[in-house]
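Single-structure report; data block below.
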Amino acid sequence: MDQTRKVGWYGLGSMGLFMALNLHKKLKSDGSALTYSNRTLSKGEVLSQAGALPKNGMTELGRECDDIFLMVSTDAVLKGLINELLQSDIDLKGKTIIDCSTTHPDTATEVSTLLQAAGAEFVASPVFGANTVAEAGRLLFAMAGSQSAIQRLEPLIVGVMGRKVVNMGENPKDSSLLKVTGNVLLVVFLEAIAETQVLAEKNGLGTSVMEEVIFENFGPVLGGYSRRMTTGSYAPKEGQAGFAVSNTIKDAKHALRIAQDLDVRMPALDIATNNMLSAKAYGGENLDGAALYGTLRSQSGLSFWSNESRQS
Ligand SMILES: NC(=O)c1ccc[n+]([C@@H]2O[C@H](COP(=O)([O-])OP(=O)(O)OC[C@H]3O[C@@H](n4cnc5c(N)ncnc54)[C@H](OP(=O)(O)O)[C@@H]3O)[C@@H](O)[C@H]2O)c1
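Count the sequence shown with the numbering used here and you get residues 588 to 899, in order.
Rendered as structure tokens:
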């Protein structure tokens, strides 16, 4: 690890806070500390208590740090933060920006081109895994960009925030493409499990035995998706949804756009996306992507809300 380079983090949402905590723990054990920022800086309280250093906004973070990780909600937010850096008086030469958010491949290309023109490096580094996986430091990173930067960054990732890096080569758009394409599975699995669980409830089997079968036969990932529905965390009574429905819709729409451009039909993804859009229209924000379960419940004569979820 290059100890002379100061490491920064922007974005402390459902994923980012756990990732930043794990990264800070690693830096601290090496005698250093993470410098961080977030739109809502108070979300970093636990980081600052652990010795990480808060900065007020992206420009201050960029001024201070050499390797800067971002984990934010949308392409527009990412572009806004990068533009803020580019329009500042900071000399970006030699800095590396690592984006862990899920973006459309065109966004990765756009941001990379702008940063390279300013003398900085960009590594598109989206991740696979839920926030529980982020907490456990077991995410799968798909990285693309400067190979020397990826090599330098790996000790901050493997065994720290992630279990493995899939190296997608020099072109940042390729790791975004892998992430967006891979996410189709998540959304379609959510739809399949929601349909199964609504049927199990209506036909009298019940969701518990079906969840047992899902765990036993399809493993902990799909079992975990079922649990997001049966525990009510698709519409949590308190706290933040694990994977906000708006972010899940954003990712699904990226995949649908890519598919449309290539004349690929994705009927299952289309249905699942519409069910998430209906869930959001009915239940508002702070729903998980798994809230398509609520839509399917309503369409089958059940309440959108379950006994375990919030009730309005
Ligand atoms: N959750 C998952 O299971 C999961 C898994 C893999 C990948 N992803 C992807 O990873 C990214 C982050 O996911 P997440 O679940 O951590 O999202 P999140 O909980 O919605 O957090 C979003 C982050 O973006 C910040 N943000 C939102 N709007 C902003 C704005 N206008 N200006 C500046 N900052 C803004 C938020 O700041 P505040 O704290 O101030 O709101 C927060 O730090 C997304 O691209 C998502 O698609 C999510």
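Heads up, the beta-carbon is just placed ideally off N, CA and C, and yes, glycines get one too. All values reported here derive from a predicted model rather than from experimental measurement.
Expressed to the nearest angstrom, what Euclidean distance is found between the alpha-carbon atoms of T683 and G793? Answer to the nearest angstrom: the Cα atoms are 51 Å apart.
On a CA-only basis, which of Y812, V800 and N862 is nearest G881? Give me that one, please. Here the closest residue by C-alpha is N862.
Less than 8 Å between the C-beta atoms of G876 and T818, yes or no? Their beta carbons are not under 8 Å apart, which means G876 does not touch T818 by this criterion.
Endpoints, beta strand (DSSP E) assigned at E708: Counting along the chain, the beta strand (DSSP E) containing E708 begins and ends at E708 to A711.
Proximity below 8 Å, CB of A822 to CB of G870: Yes.
DSSP on Y597, reduced to helix/strand/coil? If DSSP states are grouped into helix, strand and coil, Y597 belongs with the strands.
Taking the alpha helix (DSSP H) that I737 falls in, what are its first and last residues? Segment Q734 to I744, the alpha helix (DSSP H) holding I737.
Cα separation between S890 and A779? The straight-line gap from Cα to Cα measures roughly 19 Å.
Comparing C-alpha positions only, which one of S712, L786, T783 and S601 sits nearest to G756? Distances from the alpha-carbon of G756 to those of S712, L786, T783 and S601 put S712 closest.
6 Å Cβ shell around K613 - same chain, five flanking residues per side excluded: Same-chain partners within the cutoff: V747.
Using only alpha-carbon positions, find the residue among I737, S601 and V851 that is nearest to G716. G716 has its Cα closest to that of S601, out of I737, S601 and V851.
Taking C-beta to C-beta, are L701 and I669 nearer than 8 Å? Yes, the Cβ-Cβ distance between L701 and I669 is below 8 Å.
Work out the CA separation of A868 and L765 for me, nearest whole Å. Annotation: L765 to A868 spans about 29 Å, alpha carbon to alpha carbon.
At which residues does the alpha helix (DSSP H) containing I836 begin and terminate? Membership of I836 in the alpha helix (DSSP H) is indicated by the continuous run V832 to D848.
With a threshold of 16 other CB atoms inside 10 Å of the CB of Q898, please say whether the residue is buried or exposed. Result: exposed.
Please indicate yes or no: does the CB of F776 lie closer than 7 Å to some heavy atom of ligand 1? For ligand 1, not one heavy atom lies less than 7 Å from the Cβ of F776.
S795 to L879, Cα distance in whole Å? About 19 Å.
Beta-carbon proximity list for W596, same chain, < 6 Å, skipping 5 on both sides: Once the five neighbours on either side are set aside, the close Cβ partners of W596 are A607, L621, Y623 and F656.
Specify, as a first and last residue, the run of the beta strand (DSSP E) that H656 falls within. In the sequence on display, residue 656 carries Phe and not His. Note, F656: beta strand (DSSP E), D654 to L657.
Give the DSSP-derived three-state secondary structure of K766 in the structure shown. Here K766 sits in helix by DSSP.
Is D654 near ligand 1, in the sense that its beta carbon is under 7 Å from a heavy atom of that ligand? No, the Cβ of D654 stays beyond 7 Å of every heavy atom of ligand 1.
Does the separation of the CB atoms of R750 and L727 fall below 8 Å? In this structure, L727 lies closer than 8 Å to R750 by Cβ.
Pick out whichever of S688, K615 and K840 has its Cα sitting closest to the Cα of D857. When only C-alpha atoms are compared, the closest one is K840.
Same chain, Cβ closer than 6 Å to I801, neighbours up to 5 away in sequence not counted: Cβ within range, chain order: L809, G810 and S813.
Unbroken alpha helix (DSSP H) runs of length 4 or more, entirely within the region 618–690: which are they? Given a length threshold of 4 residues, each whole run of the alpha helix (DSSP H) inside the region 618–690 is given here in chain order: 632–636, 645–651 and 662–674.
N758 and A842 look like a contact to me (Cβ under 8 Å); what is the Cβ gap, rounded to whole Å? About 19 Å separates the Cβ atoms of N758 and A842, ruling out a contact at the 8 Å cut-off.
Relative to the alpha-carbon of G706, which residue among M816, I845, E782 and S733 has its alpha-carbon at the smallest distance? Cα-wise, what sits closest to G706 is S733.
Give a single yes or no on whether V710 has its beta carbon closer than 7 Å to a heavy atom of ligand 1. Checking the Cβ of V710 against ligand 1 gives no.
Does the beta-carbon distance from T646 to L672 come in below 8 Å? The Cβ atoms of T646 and L672 lie closer than 8 Å to each other.
Ordered along the chain, which non-local residues of its own chain (more than five positions away) have a Cβ less than 7 Å from that of S887? Closer than 7 Å at the Cβ level, and outside the excluded window around S887, lie V785 and K789.
Going by Cα to Cα distance, which pick from V745, I845, L864 and K615 is closest to L640? For the residues V745, I845, L864 and K615, the minimum Cα distance to L640 belongs to K615.
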